[in-house]
Ligand code: ITT
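Residue numbers (my numbering): 26 to 218.
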């Protein structure tokens, strides 16, 4: 089975390649020769995931899925949320995004947050959506070298290390993306030859 993952984020592709079985051949937007950004104009993770998946379905006619993810911080009313990638500006700069989170959290003692992933899929002319969530806390220093985005400042509940310190094998067992992908996989299971 072949699926296009409608993303330009190589870290997401790497995670999904580890989460899905080898019978599912995964192609990114770059792999299918599409190098531009798909404008994410929705107000929710689901709307943006659907926009990205629809784009591939209607331009290329291929089975596909997209993931829209975000970090929601409780005392910031769920920000950066759907704006996580561009929190500190259009340049999608992870360092600047983290600095802005710390600036917004300054003086706050509540550091509770969660990551959410919404996967929207078009498979065999049917559409599906799947959600995953992991709760945790934001810390005020960067720790660890693994992962991407906000991973160096996010400590999942039940652990004392950040996603960036825990590494891909643990992140891929407990993350928002792993949970949404497990639901996707259970839908795909009977279609895999
Ligand atoms: P695509 O739209 O091309 O898939 P993107 O990086 O723009 O790639 P999103 O729109 O889903 O992805 O933006 C989500 C942002 O949230 C992402 O850029 C990271 O900063 C952050 N993020 C998402 N998942 C994350 C994770 O597992 N760990 C850390 N940060 C994450």
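For glycine and all other residues, C-beta sits at the position ideal for the given N, C-alpha and C. Keep in mind the model is a prediction, meaning the values are calculated, not measured.
(message) When you measure from the CB of residue 174 to every non-hydrogen atom of ligand 1, does any distance come out below 6 Å?
(response) Looking up residue 174 in the chain shown gives position 149. The answer is yes for residue 174.
(message) Measuring alpha carbon to alpha carbon, tell me which residue in 86, 88, 127, 177 is nearest residue 104.
(response) Reading the chain shown from its first residue, position 79 is the one you call residue 104. Residue 127 is the option with its Cα nearest to residue 104.
(request) Could you tell me whether the Cβ atoms of residue 146 and residue 59 are closer together than 7 Å? (result) Within the chain shown, the letter at position 121 stands for residue 146. Within the chain shown, the letter at position 34 stands for residue 59. Going by C-beta atoms, residue 146 is not nearer than 7 Å to residue 59.
(request) Compute the Euclidean distance between the alpha carbons of residue 138 and residue 57, then round it to the nearest angstrom. (result) Taking the first residue of the chain shown as position 1, residue 138 is located at position 113. Taking the first residue of the chain shown as position 1, residue 57 is located at position 32. So the two alpha carbons sit approximately 35 Å from each other.
(message) Quick check on this structure: which residue in 175, 164, 77 has the alpha carbon closest to the alpha carbon of residue 25?
(response) Because residue 25 is not part of the residues shown, which for the chain are 26 to 218, the question remains open.
(message) Taking 6 Å as the cut-off, is the C-beta of residue 33 nearer than that to any heavy atom in ligand 1?
(response) The count along the chain shown starts at 1 and reaches residue 33 at position 8. Yes, ligand 1 has a heavy atom inside 6 Å of this Cβ.
(request) Determine the burial state of residue 74: buried for a count of at least 16 other Cβ atoms within 10 Å of its Cβ, exposed for fewer. (result) Within the chain shown, numbered from 1, the residue matching residue 74 stands at position 49. Per the 10 Å Cβ criterion, buried.
(request) Using 10 angstroms around the beta-carbon of residue 31, count the other beta-carbons present and answer buried if the total reaches 16, otherwise exposed. (result) The residue labelled residue 31 in the question sits at position 6 within the chain shown. When all chains shown are included, residue 31 counts as buried.
(request) Kindly indicate the opening and closing residues of the alpha helix (DSSP H) around residue 83. (result) By one-based count along the chain shown, residue 83 stands at place 58. Here the alpha helix (DSSP H) through residue 83 covers 70-85.
(message) Following a CB-centred definition, is residue 185 positioned closer than 6 Å to any heavy atom of ligand 1?
(response) Taking the chain shown and counting its residues from 1, one reaches residue 185 at position 160. Answer for residue 185: no, Cβ out of range of ligand 1.
(request) Go through its chain and collect everything with a Cβ distance to residue 168's Cβ below 8 Å, but skip five positions before and after it. (result) In the chain shown, the residue the question calls residue 168 occupies position 143. Excluding residues within five positions, the ones whose Cβ falls inside 8 Å are 177, 178, 186, 187, 189, 190.
(message) The beta strand (DSSP E) that contains residue 91, what's its start and end?
(response) Indexing the chain shown from 1 puts residue 91 at position 66. Counting along the chain, the beta strand (DSSP E) containing residue 91 begins and ends at 89-98.
(request) Starting from residue 202, follow the alpha helix (DSSP H) in both directions and report where the run begins and ends. (result) Position 177 of the chain shown holds residue 202. Element bounds for residue 202: 201-213.
(message) Does the beta-carbon of residue 94, which I'm using as the reference point, lie nearer than 6 Å to any heavy atom of ligand 1?
(response) For this step, residue 94 is matched to residue 69 along the chain shown. Within the cutoff, so yes.
(request) Compare the beta carbon distance of residue 107 and residue 70 with 7 Å and say whether it is the shorter of the two. (result) Within the chain shown, numbered from 1, the residue matching residue 107 stands at position 82. Within the chain shown, numbered from 1, the residue matching residue 70 stands at position 45. Cβ distance < 7 Å, so residue 107 and residue 70 count as in contact.
(message) Spatial neighbours of residue 160 within its chain, please: C-beta separation below 6 Å, excluding the five flanking residues on both sides.
(response) The residue labelled residue 160 in the question sits at position 135 within the chain shown. 139, 182.
(message) Mapping the DSSP letters down to three states, classify residue 177 as helix, strand or coil.
(response) Position 152 of the chain shown, counted from the first residue, corresponds to residue 177. Of the three classes helix, strand and coil, the one that applies to residue 177 here is helix, per DSSP.
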